[in-house]
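Single-structure report; data block below.
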Amino acid sequence: MSMDNPSTPPESQRLLRAITERFGFVPPFFEPAVETPDVLSLLWQQTLTAYVDNPLPALFKEKLSTLLSRYCAVSYCLVCHSCSLGCLGMRGPQVLRLLTSPVPDEARTERILSRQSGVRTPVGEFPSPGSELEEDVLQLSSIVYLRQPSAAAAREYLLRVLGRTHYNRLVALINYVKTCHGWMEANPQVSYRMDARYQLHFEPLSAEEPGLARYFEEHLPEFARWQQEQEKAQQTAAVAAQRAEEAEATVGLLEKQLLYAMAELRRSSEFAQVLMAVVGHDLRNPLSAILSAANLLLRQQPDNRQGVKAATRIISSAQRASRLVTDLLDFTQARLGGGIPVHPTTSDIHLLVHYVVDELRAAHPTRTFEVEYHGDGAGMWDTDRLQQVLGNLLANAVVHSPEDSPIHVEARTFEGEVSVCVHNENRDGPIPAKLLPHLFEPFRRGTTAPSASRSRSIGLGLYVVERLVRAHHGRVEVESDARGTTFCMHLPRATKRDGLSQNTPPLASSGELPAH
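Read in order, the letters of the sequence shown are residues 97 to 612 in the working numbering.
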């Protein structure tokens, strides 16, 4: 690249002389901009401000530039910045270890963030070379560059730990590197072999570490594979998010249709027959399809956090609608079909509680469930029906309690009876005393507060709970005051085996409770 070439614009000649005075040579990086002095000037000013004159430590700037250049589709920046590390004293094996360090993932990011969670004031001096904090800053800067889901948390961490001044300089460097990568990908003909950094330092570095040359040769194919994996993960997450929205819309529509059907069917003499037909086909079939698709998504992409989050939303919405459908069927059976049948089998109340709580934990991963077990849990009950009872009570507790409060479950056994109590703090205050005697009547709610509307309940859940407990010859009680609300189910250890179904398997036989 000649500054004396008569075809070079005068302003570009002046800029090339300034670059030569600063570096001792003109990096080929600037060559494509020579014919456009305004672009050359912009690139040079950005290089000076965000990179060369950036007060961050020189070694850190080259380490970060090298790490981030792994995500560029052209090798120029990767090779040249790696060679600059040799100029700053790093040996060949050290450079290769930096280049082959793992791409930061969500699990590693969470470990870094938790390690410094107690830091409330900036560290003052910039992290020293080779320190754990420098490594954390390098990794989180990669997260920011790649715009991964945890980028916002990474930015907050970097600002809190480094302070505003160092943070601003770091962000300027990250954005400059991103600009350089875009410029090189737009001009892939630029060769690192013409750069003085490569000519002076590559051979000594590769003599110390022969693996460097192999790494540079294999970088582009590896980057292409990594890029394809990232694009596939993003597409999967986008599809999952779309399916989650569609599932929620479908469930919402089904709930509206259900409420409308209830209003109409209550005035109809053919209530049971019509309701059975609607529930059996028009509601359960699409819910089954939604749940199957969501569970398939979880199995296919277990490490895709966005996909898992969307699938969890789908499952939670579908399960909520499924509970509505089941409650309606049971209401019909209780009112018009001669009561709700139960089919007792040998089971264990502790295992049953454990199973139901695990389901609720999966559906509500941000909530805390505290569980206590006391005594021998063996008995004779319809496990499917008791899962339904506990599922309704726990779902009710989730809706009507503050999101940051725990839900407490206690299973206690006595000589001839077992009890399971579910306690939650109140989101909107205690249930009014005048409503408590009517709480287990159909189409009743314990409150008209905002949390009740969020539950989308039609007022049958507690009615079904009471009927199922009664079918086991038990009773259910409720207490509600300023400390919270508690529902307790009391059951005899053995339920009469009237109508025992050989097709209903037990949840589990009596035995040791799984570790909790």
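Just so you know, even glycine gets a beta-carbon here, dropped at the ideal spot from N, CA and C.
Selected residue, minimal CA-CA separation from residue i, among the options
i, options, result
"residue 506", "497, 495, 518 and 496", "518"
"residue 515", "168, 338, 248 and 588", "588"
"residue 485", "570, 459, 529 and 408", "570"
"residue 578", "586, 533, 521 and 537", "521"
"residue 401", "175, 234, 174 and 201", "201"
"residue 471", "483, 494 and 447", "447"
"residue 479", "572, 414, 590 and 163", "590"
"residue 530", "576, 463, 389 and 260", "576"
"residue 340", "352, 108, 565 and 414", "414"
"residue 129", "112, 241 and 118", "112"
"residue 268", "116, 142, 532 and 297", "142"
"residue 386", "405, 220 and 417", "417"
"residue 437", "565, 311 and 188", "565"
"residue 342", "284, 508, 406 and 583", "406"
"residue 162", "151, 456, 191 and 183", "191"
"residue 272", "287, 525 and 173", "173"
"residue 179", "255, 290 and 218", "290"
"residue 459", "444, 494 and 449", "494"
"residue 500", "464, 512, 305 and 352", "464"
"residue 220", "251, 263, 185 and 283", "263"
"residue 266", "456, 152 and 462", "152"
"residue 585", "508, 337 and 523", "508"
"residue 557", "512, 573 and 487", "487"
"residue 228", "244, 276, 245 and 209", "209"
"residue 312", "196, 304 and 296", "196"
"residue 299", "132, 258 and 187", "187"
"residue 223", "139, 257 and 242", "257"
Neighbour-count burial assignment, residue i, 16 or more Cβ in a 10 Å radius
i, result
"residue 134", "exposed"
"residue 535", "buried"
"residue 349", "exposed"
"residue 598", "In this prediction, residue 598 has a pLDDT of 31, which is less than 50 and means its spatial position is unreliable; nothing more can be read from the coordinates."
"residue 537", "exposed"
"residue 167", "buried"
"residue 308", "buried"
"residue 475", "buried"
"residue 124", "buried"
"residue 120", "exposed"
"residue 567", "buried"
"residue 116", "exposed"
"residue 232", "buried"
"residue 356", "exposed"
"residue 525", "exposed"
"residue 145", "exposed"
"residue 310", "exposed"
"residue 492", "buried"
"residue 203", "exposed"
"residue 403", "buried"
Identity of the residues DSSP links to residue i by a beta bridge
i, result
"residue 575", "582"
"residue 506", "468 and 517"
"residue 442", "476"
"residue 587", "514"
Opening and closing residue of the alpha helix (DSSP H) in which residue i lies
i, result
"residue 529", "Per DSSP, residue 529 belongs to no alpha helix (DSSP H) and is neither H nor E."
"residue 292", "292–304"
"residue 262", "260–282"
"residue 232", "228–242"
"residue 134", "133–142"
"residue 119", "106–119"
"residue 188", "188–195"
"residue 156", "154–164"
"residue 203", "202–211"
"residue 289", "From DSSP, residue 289 is part of no alpha helix (DSSP H); its letter is neither H nor E."
"residue 147", "Neither: residue 147 is in no alpha helix (DSSP H) and is coded neither H nor E."
"residue 179", "172–183"
"residue 558", "557–567"
Rounded Cβ spacing between residue i and residue j (contact assumed at less than 8 Å)
i, j, result
"residue 452", "residue 467", "Between residue 467 and residue 452 the Cβ distance is about 10 Å, and since that is not below 8 Å, they are no contact."
"residue 280", "residue 170", "4 Å"
"residue 409", "residue 344", "7 Å"
"residue 240", "residue 247", "5 Å"
"residue 159", "residue 234", "6 Å"
"residue 225", "residue 155", "5 Å"
"residue 294", "residue 183", "Between residue 183 and residue 294 the Cβ distance is about 11 Å, and since that is not below 8 Å, they are no contact."
Any non-hydrogen atom of the ligand PLP within 7 Å of residue i CB
i, result
"residue 486", "Of the ligands one can find in the structure shown there are none, so the ligand PLP has no counterpart to examine."
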